[in-house]
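Undergrad: Just dropping this structure here.
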Amino acid sequence: MTGPATEPTAEPATAPLLRVEGVWKNYHGHHVLRGVDLEVAPHEVVCLIGASGSGKSTLLRCLNLLETVDDGAVWLDGREITDPAADPDEVRKRIGMVFQSYNLFPHMTVLDNITLAPVRVHRRSRREAVARARALLERFGLADKADAYPDRLSGGQQQRVAIVRAMACEPSVLLLDEVTSALDPELVTEVMGVIRELKQAGMTMVMATHEMGFARDIADTVCFLENGVLLERGPAEQIFTEPREPRTRAFLQRVLESGRL
Amino acid sequence: MTSLHKRPSGEWVKSERQLDRERRRRRQGVRSGSVAAASTILFVVLVALAVTSSPGWPRVRETFFDWERFSAAFPDVLGGFWLNIQIFLVAEVVILVLGLLVALARGLRSPLFFPLRMLATAYTDVFRGIPTILLVYLVGFGLPALELQGVPSSPAVLGGLALVLSYGAYVAEVFRSGIESIHPSQRAAARSLGLSQAQALRFVILPQAVRRVVPPLLNDFASLQKDTALVAVLGPLEALRQAQIHQAETFNYTPYLAAAVLFIALTVPMARFTDHLAARAERRRAPGGAP
């Protein structure tokens, strides 16, 4: 699990939707990711856990090419997206991302935030994009917010809009980067509810999170990262009840003591 | 004493404490107002006394504040001022376009556009460094001297061109700082949705940047309005030139005062408008509004 990649071009028999092999990332000489391997099957929900600075967010940013990997490779649907010849815009059309600080566009209404990419990137007609956006807003309890500007919404509402904005592009994979970390505790549950519904609808998701209870509840697979290394990977129940790695156990113990599990 | 008026309906009746507080605030307000008025009057009187009691005052009053000369020169100066306004209006539009293009050129990352980026950087460096009046001379007299086909000969156009070159460099920097002030996470969000570099700039970055730089841009334009007078050195009959002509006839400087009054009449409303926009932007930034 933790060693560097040995056979970077071989394709496994069962086709994962997303495959990460031996990914390294450095910032100013500091190794943030050290040879991370990961596979995500269609409809799988993978949660990345670990202390702040363990590399969870960087891994997600590498997956949709907001960061260039310094070594290793990432495949989406069997095509290498870290190939220098691959078009990042084409890749991002298929990978949605939601950020910790929502990053809604403050000069646009909720509806315009959601329809921007479908109209400009996916070349949908404005009418169709608006209809789909309204349907999504309806589904997530935000129908009355369509014409509001983001700064008039609560944090939880803004984050739900950000998820809707990513979903409006019908991505194959949704990356969620600590999407509840900036929220007041009473707003966390409404965002979790949206993610839970997406899982039920079969959405493939990779999620960095500090909410261990939520990870345990929603994840098919949990990955524990420490210092840029993916130390342990397994079914949620196993990771939380009988982790193999002593350091996973130590991390969960610390979380438990701080009352977050 | 301080009685709390709580009624079952929840209707608010101001308490004695609050009423007393408001009475005291009103009294304080009246007192501040009278202090401000008294100190202003005192200040104006002192300045007026200092100026009028100076030994040269009678002579200054005669050469700068001659009402007859003022009304004689005013129609011509006003006529000339119309040319200033025309130069300003045309130059303003060209400057906005030029400034935005230069700012965008400086942000280009593709190696293909390296020469363009260099050119834009060199342009802002050079033209921000040259004093505007020097530029007016250089363009106004140097460009026609080349005897090239199609070079305009009108001094107003040449002067306007010099202003465009000078202010274009400033405005480009204003636009660039506006673009750079937008948080990188906005670009990341746009790119993560699949928008190209250019689309992210056009739909996400620029609309926010432009809104942010409106007050500094208006500030530059207030400055441009008065700098249209620099074109006078090339000889077109604008406000300052007309004032010069009247002054030369009589050796009385009052016509300059007429020109000054006209420029102030244009720039002061612009300055107030800029303040208004800046204050509004400030209110919007603070949620819940300013006190």
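As you go down the protein sequences, you meet chains A and B in turn.
So the numbering used here is basically just the index in the first sequence, starting at one, shifted up by 18.
Anchor point for the second sequence: position 257 equals 249 in the numbering used here, and the numbering is continuous, going up by one each time.
C-beta atoms are modelled at their ideal positions from N, C-alpha and C, and glycine is treated no differently.
1. Any idea which residues DSSP pairs H49 (chain A) with across the strands?
2. By alpha-carbon positions, which one of A:K217, A:Q177, A:L249 ends up nearest to G235 (chain A)?
3. With DSSP collapsed to three states, give me the class of L187 (chain B).
4. Work out the CA separation of R267 (chain A) and P261 (chain A) for me, nearest whole Å.
5. Pick from B:T242, B:A221, B:R272, B:T246: whose alpha carbon is nearest that of N76 (chain B)?
6. Using a C-beta to C-beta distance shorter than 9 Å, which residues of chain A count as neighbours of A180 (chain B)?
7. Look at R110 (chain A) and G186 (chain B) and say whether their C-beta atoms are less than 7 Å apart.
8. Along the region 161 to 189 of chain B, what residues have a CB closer than 9 Å to any CB found in chain A?
9. Can you name the residues of chain A whose CB is closer than 7 Å to the CB of P199 (chain B)?
10. How is the beta strand (DSSP E) around L192 (chain A) delimited, first residue to last?
11. Give the interface partners of R138 (chain A) over in chain B, defined as CB-CB distance under 7 Å, in chain order.
12. Restricting to Cα atoms, I'd like to know which of B:A263, B:V37, B:P147 is closest to Y129 (chain B).
13. Return the CA-CA distance between A91 (chain A) and V196 (chain B), expressed in angstroms with no decimal places.
14. Under 7 Å, Cβ to Cβ, is there at least one residue of chain B near A161 (chain A)?
15. Verify whether the separation of the beta carbon atoms of A184 (chain A) and V116 (chain A) is less than 7 Å.
16. How would you label M225 (chain A), buried or exposed, when you count the other beta carbons within 10 angstroms and need 16 or more for buried?
17. What residue does the beta strand (DSSP E) around G252 (chain A) start on, and which one ends it?
18. In this structure, how does DSSP classify T222 (chain A) when only helix, strand and coil are distinguished?
19. On the three-state DSSP scale, how would you describe F242 (chain A)?
20. Given a cut-off of 7 Å on the beta-carbon distance, is the pair E244 (chain A) and S72 (chain A) in contact?
21. In chain order, what residues of the same chain have a beta carbon less than 8 Å from the beta carbon of V156 (chain B), not counting five sequence neighbours either side?
22. Determine, using beta carbons only, whether A182 (chain B) and A190 (chain B) come nearer to each other than 7 Å.
23. Taking the DSSP output, what are the residues bridged to D89 (chain A)?
24. Tell me which residues share the same chain as A164 (chain B) and place their Cβ nearer than 7 Å to its Cβ, disregarding the 5 neighbours each side in the sequence.
25. Thinking just about the alpha-carbon of each residue, which of A:T222, A:G211, A:G47, A:V58 is nearest to the one in R37 (chain A)?
26. Kindly identify the DSSP beta-bridge partner or partners of E98 (chain A).
27. How far does the alpha helix (DSSP H) with V156 (chain B) in it extend, from its first residue to its last?
28. Which term fits Y45 (chain A), buried or exposed, when burial requires 16 or more other beta carbons within 10 angstroms of its beta carbon?
29. Would you give the residue range spanned by the beta strand (DSSP E) that L66 (chain A) belongs to?
30. Between the Cα of A33 (chain A) and those of A:D55, A:P60, A:G47, spot the shortest distance and give me the residue it belongs to.
31. Kindly indicate which three-state DSSP category M210 (chain A) falls into: helix, strand or coil?
32. Are V63 (chain A) and D195 (chain A) close, meaning C-beta to C-beta below 7 Å?
33. Is any beta-carbon of chain B found at less than 7 Å from that of R251 (chain A)?
34. Candidates A:D89, A:R112, A:E208: which alpha carbon is nearest E97 (chain A)'s?
35. Given that R203 (chain B) touches chain A, what residues does it touch there, using C-beta distances under 8 Å?
TA: In short, the structure shows the following:
1. As a first step, residue 49 (chain A) is located in the first sequence; it is residue number 31 there, counting from the start. A:N44.
2. Position 217 of the first sequence, counting from 1, holds the residue named residue 235 (chain A). The sequence given here has Asp at residue 235 (chain A), not Gly. Answer by Cα proximity: A:K217.
3. Here residue 187 (chain B) is taken as the residue at index 195 of the second sequence, counted from 1. Three-state DSSP puts L187 (chain B) in coil, outside helix and strand.
4. To locate residue 261 (chain A), count along the first sequence from 1; it is residue 243. To locate residue 267 (chain A), count along the first sequence from 1; it is residue 249. Taking the CA atoms as reference points, P261 (chain A) sits about 6 Å from R267 (chain A).
5. Stepping through the second sequence from its first residue, residue 76 (chain B) is reached at position 84. Nearest Cα to N76 (chain B) within the set B:T242, B:A221, B:R272, B:T246: B:A221.
6. The residue you call residue 180 (chain B) lines up with position 188 of the second sequence. Identification of chain A residues near A180 (chain B) by a Cβ-Cβ cut-off of 9 Å yields R79, L84, M115, F117, N121, ordered along the chain.
7. Numbered from 1 along the first sequence, position 92 holds the residue referred to as residue 110 (chain A). Numbered from 1 along the second sequence, position 194 holds the residue referred to as residue 186 (chain B). A distance below 7 Å separates the beta carbons of R110 (chain A) and G186 (chain B).
8. Listed by position, the residues of the region 161 to 189 of chain B near chain A (Cβ gap below 9 Å) are H175, S177, Q178, A180, A181, A182, R183, S184, L185, G186, L187, S188, Q189.
9. In the second sequence, counting from the first residue as 1, residue 199 (chain B) sits at position 207. Chain A residues near P199 (chain B): H125.
10. Position 174 of the first sequence, counted from the start, is the residue given in the question as residue 192 (chain A). First-last of the beta strand (DSSP E) with L192 (chain A): 191 to 195.
11. For the purposes of this step, residue 138 (chain A) is taken as the residue at position 120 of the first sequence. Simply L187, Q191, F195.
12. In the second sequence, counting from the first residue as 1, residue 129 (chain B) sits at position 137. Y129 (chain B) has its Cα closest to that of B:P147, out of B:A263, B:V37, B:P147.
13. The residue given as residue 91 (chain A) occupies position 73 in the first sequence. The residue given as residue 196 (chain B) occupies position 204 in the second sequence. Straight across, the Cα-Cα distance linking A91 (chain A) with V196 (chain B) is about 30 Å.
14. Taking the first sequence and counting its residues from 1, the one referred to as residue 161 (chain A) is at position 143. So, not an interface residue.
15. Residue 184 (chain A) sits at position 166 when you count from the first residue of the first sequence. Residue 116 (chain A) sits at position 98 when you count from the first residue of the first sequence. Cβ distance < 7 Å, so A184 (chain A) and V116 (chain A) count as in contact.
16. As a first step, residue 225 (chain A) must be located in the first sequence, where it is residue number 207. M225 (chain A) sits buried, since 16 or more C-beta atoms from the chains shown fall within 10 Å of its C-beta.
17. On the first sequence, position 234 is the one that residue 252 (chain A) refers to. If you look at G252 (chain A), you'll find it in the beta strand (DSSP E) that goes 247 to 253.
18. For the purposes of this step, residue 222 (chain A) is taken as the residue at position 204 of the first sequence. T222 (chain A) falls in the strand class under three-state DSSP.
19. Translated into the one-based positions of the first sequence, residue 242 (chain A) becomes position 224. In this structure, F242 (chain A) counts as strand in the three-state DSSP scheme.
20. In the first sequence, counting from the first residue as 1, residue 244 (chain A) sits at position 226. In the first sequence, counting from the first residue as 1, residue 72 (chain A) sits at position 54. A distance below 7 Å separates the beta carbons of E244 (chain A) and S72 (chain A).
21. For the purposes of this step, residue 156 (chain B) is taken as residue 164 along the second sequence, with counting starting at 1. So the qualifying residues of the chain are A83, V86, I87, L90.
22. Reading the second sequence from its first residue, position 190 is the one you call residue 182 (chain B). Reading the second sequence from its first residue, position 198 is the one you call residue 190 (chain B). The answer is no: Cβ separation not under 7 Å.
23. For this step, residue 89 (chain A) is matched to residue 71 along the first sequence. For D89 (chain A), the pairing in a beta bridge is given by DSSP as A:W42.
24. Walking along the second sequence from the start, residue 164 (chain B) turns up at place 172. Excluding residues within five positions, the ones whose Cβ falls inside 7 Å are G91, V94, A95, T116.
25. In the first sequence, the residue the question calls residue 37 (chain A) occupies position 19. Selected option, being the one with the closest Cα: A:V58.
26. For the purposes of this step, residue 98 (chain A) is taken as residue 80 along the first sequence, with counting starting at 1. For E98 (chain A), which the question treats as bridged, DSSP gives the partners A:W93.
27. Residue mapping note: residue 156 (chain B) aligns to position 164 of the second sequence, counting from 1. Note, V156 (chain B): alpha helix (DSSP H), 147 to 172.
28. In the first sequence, residue 45 (chain A) corresponds to position 27, counting from 1. Per the 10 Å Cβ criterion, exposed.
29. Against the first sequence, residue 66 (chain A) aligns to sequence position 48. Start and end: 63 to 67.
30. On the first sequence, position 15 is the one that residue 33 (chain A) refers to. Here the closest residue by C-alpha is A:P60.
31. For the purposes of this step, residue 210 (chain A) is identified with residue 192 of the first sequence, where counting begins at 1. In the three-state reduction of the DSSP assignment, M210 (chain A) falls in the helix class, which pools H, G and I.
32. Looking up residue 63 (chain A) in the first sequence gives position 45. Looking up residue 195 (chain A) in the first sequence gives position 177. Their beta carbons are not under 7 Å apart, which means V63 (chain A) does not touch D195 (chain A) by this criterion.
33. Within the first sequence, numbered from 1, the residue matching residue 251 (chain A) stands at position 233. No, its Cβ sits nowhere closer than 7 Å to a Cβ of chain B.
34. In the first sequence, the residue the question calls residue 97 (chain A) occupies position 79. Before going on, a small fix: residue 97 (chain A) reads as Arg here, not Glu. Just measuring C-alpha positions, the residue of A:D89, A:R112, A:E208 sitting nearest R97 (chain A) is A:R112.
35. On the second sequence, position 211 is the one that residue 203 (chain B) refers to. Those within 8 Å of R203 (chain B) in chain A are H125.
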